[in-house]
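Report on the following structure.
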Amino acid sequence: MIYHGQEFGMETARTIDPNPLQWSKLNSTSGKQLYDTASSLISFRNMNPALRNNNLEFIVKDSKAKVLAYKRWDNNGNVIIVVLNFSRNDQWVTIPMPYNGKWYEYVYNYTPFVENNQLADEQIPGSGYKIFSLKKTW
159 MIYHGQEFGM ETARTIDPNP LQWSKLNSTS GKQLYDTASS LISFRNMNPA
209 LRNNNLEFIV KDSKAKVLAY KRWDNNGNVI IVVLNFSRND QWVTIPMPYN
259 GKWYEYVYNY TPFVENNQLA DEQIPGSGYK IFSLKKTW
């Protein structure tokens with residue numbers, strides 16, 4: 159959930175009192191990057207029905223590496239795998255995948271090929287994430 163200006167780097171107390179947006183933050187480099195990322199993820203969600211229902215399965219829970227991955231899907235063949243790295247260091251993770259073959263990665267825009275229902279030794283950047291889709295909808 160994004161709260162009141164966080165999409166462009168504004169940090170404020172959560173309050174019901176008047177709290178005007180600090181629009182100047184949007185013009186900073188980091189504010190613009192945050193806004194572009196939030197906008198991109200919102201668009202991706204809107205393009206993918208698998209992200210708009212209640213189907214959710216956690217497929218990687220590695221507390222030592224600080225990596226979490228989950229699968230979202232719908233009943234029309236749309237499948238999304240999200241991998242989150244909460245560590246500051248890059249992590250290499252083997253991700254169980256429901257189908258072999260070509261997948262599409264949204265954040266870095268590449269096409270991995272899955273064999274044996276896993277994506278082996280996938281590098282997830284420190285404090286970063288990757289989003290894999292069975293269908294390219296963007």
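Residues 159 to 296 (my numbering) make up the sequence shown, in order. Glycine included, C-beta positions come from ideal geometry on N, C-alpha and C.
>> Give me, in chain order, the residues of the same chain whose beta-carbon lies closer than 6 Å to that of ASP279; leave out the 5 immediate sequence neighbours on both sides.
In response: Within the same chain, ASP279 has close Cβ partners TRP250.
> What do you reckon, are the CB atoms on ILE253 and ILE238 nearer than 9 Å?
Replying inline: Going by C-beta atoms, ILE253 is not nearer than 9 Å to ILE238.
> The alpha helix (DSSP H) spanning LYS222 covers which residue range?
Replying inline: Where LYS222 is concerned, there is no enclosing alpha helix (DSSP H), given that its DSSP letter is neither H nor E.
>> By DSSP's criteria, ASN243 is part of a beta bridge. Which residues make up the other side?
In response: VAL225, per the DSSP bridge assignment.
>> Rounded to whole angstroms, what is the Cα-Cα separation between LYS229 and GLU215?
In response: So the alpha carbons of these two residues sit roughly 5 Å apart.
> For ALA278, which of helix, strand or coil comes out of DSSP?
Replying inline: Note: ALA278 maps to strand in three-state DSSP.
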